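A.B. asks: Quick one: the structure is below, questions incoming.
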Amino acid sequence: MVSQTHKLNLRQNRMSLLEIQKELERLPIPINKYRPSSGDGRSQAFGIVNRRCLPPDYSRNCWTRPYLYHLLLEYGKANVKIPYTSITVNQNYQAGPHRDKGNLGESYLVGFGDYNGGELEIHEGPLTGLHDVRQPMVADFSKVLHSVRVFEGKRYSLVFYTSKRSEGLPEPSVEFIEGKWTFLRGGVVCSGLPHPLKDRVKV
Ligand SMILES: [Fe+2]
Numbered sequence: 014m015v016s017q018t019h020k021l022n023l024r025q026n027r028m029s030l031l032e033i034q035k036e037l038e039r040l041p042i043p044i045n046k047y048r049p050s051s052g053d054g055r056s057q058a059f060g061i062v063n064r065r066c067l068p069p070d071y072s073r074n075c076w077t078r079p080y081l082y083h084l085l086l087e088y089g090k091a092n093v094k095i096p097y098t099s100i101t102v103n104q105n106y107q108a109g110p111h112r113d114k115g116n117l118g119e120s121y122l123v124g125f126g127d128y129n130g131g132e133l134e135i136h137e138g139p140l141t142g143l144h145d146v147r148q149p150m151v152a153d154f155s156k157v158l159h160s161v162r163v164f165e166g167k168r169y170s171l172v173f174y175t176s177k178r179s180e181g182l183p184e185p186s187v188e189f190i191e192g193k194w195t196f197l198r199g200g201v202v203c204s205g206l207p208h209p210l211k212d213r214v215k216v
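According to our numbering, the sequence shown is numbered sequentially starting from 14.
Shown next, in the form of structure tokens:
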């Protein structure tokens, strides 16, 4: 028999995903043109990311969409039992076959919205096959070829994972300060990161 606590948790899980969906529909995330193998689409990473030519740090999405980041962190706190540093948000994004180079170990993946099709297809290894990720899935699939099957309707998904080379960076949080949602990096308000070459004296 399904316990009352389990039913309550499922309901809360659905409510928080609905809240995330509402926020994404209010203001869709931008199209990402830097996904060479999986293709262009609305897919953005929050939390720690690799940055071209720069050391890994928090993605600018954390301070440009602090309320969305707050909702993601709250969902993670309540539902994601694996360690993670980063969250990729996909909005109606049909990822082509790819491997995720920057991920370490297991990922937590959940799909939501109102859609048909859109299974996660794993093309190799022991998890080969189609996976309906509306039931959250925890697996180490980032290094094997995977893609999203064609779908109809609105499909959203979140992937919680650990980014390589993320050690030593301060913890993130989002707080409501002086009437607005604010991103904090290690307890310090952060609305941008200095370029490491800024102020460097030329010799
Ligand atoms: Fe992926």
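The C-beta atom is built at its ideal place from N, Cα and C for all residues, glycine as well.
All figures in this text were calculated on a predicted structure; none of them were measured in a lab.
1. Within the continuous beta strand (DSSP E) that includes H136, where are the two ends?
2. Quick one: using the 10 Å Cβ neighbour count with 16 as the cut-off for buried, is L17 buried or exposed?
3. Residues in the same chain with beta-carbon distance under 6 Å from N63, minus the five sequence neighbours each way, listed in chain order, please.
4. Ordered along the chain, which non-local residues of its own chain (more than five positions away) have a Cβ less than 6 Å from that of G109?
5. Name the DSSP bridge partner or partners of H159?
6. Three or more C-beta pairs closer than 8 Å, one from the segment 127-135 and one from the segment 80-96: is that the case here?
7. Measuring alpha carbon to alpha carbon, tell me which of G205, T141, Y106 ends up nearest K46.
8. Based on the DSSP output, what are the partners of M150 in its beta bridges?
9. Tell me which same chain residues have a C-beta within less than 6 Å of the C-beta of E32, skipping the five on either side of it?
10. Hey, would you say R147 sits closer than 8 Å to G166, going by beta carbons?
11. Let me check one thing: in DSSP terms, what residues is Y71 bridge-paired to?
12. At a cut-off of 7 Å, would you count D113 as near ligand 1, judging by its Cβ distance to the nearest heavy atom?
13. What residue does the beta strand (DSSP E) around S6 start on, and which one ends it?
14. To the nearest angstrom, how far is it from the Cα of F189 to the Cα of T195?
15. CA-CA distance, Y174 and E191?
16. Give the DSSP-derived three-state secondary structure of L206 in the structure shown.
17. By how many angstroms is the C-alpha of H208 removed from the C-alpha of L23?
18. Taking the beta carbon of D127 as the centre, do at least 16 other beta carbons fall within 10 Å, making it buried, or is it exposed?
19. State the Cα-Cα distance for the pair R73 and L197, rounded to the nearest angstrom.
20. Check whether the Cβ of H136 lies closer than 7 Å to any heavy atom of ligand 1, and answer yes or no.
21. With a threshold of 16 other CB atoms inside 10 Å of the CB of Q25, please say whether the residue is buried or exposed.
C.D. replies: According to the structure shown:
1. Taken as a continuous stretch (DSSP letters only), H136 belongs to no beta strand (DSSP E), as it is neither H nor E.
2. Checking the sequence, you will find Gln at residue 17 rather than Leu. Classification for Q17: exposed.
3. P69, G115
4. S51, G52, S160
5. H111, I135
6. no
7. Y106
8. L122
9. L84
10. no
11. I61
12. yes
13. Residue numbering for the chain in the displayed model covers 14 to 216; residue 6 lies beyond these limits and cannot be assessed.
14. 6 Å
15. 31 Å
16. coil
17. 43 Å
18. exposed
19. 12 Å
20. no
21. exposed
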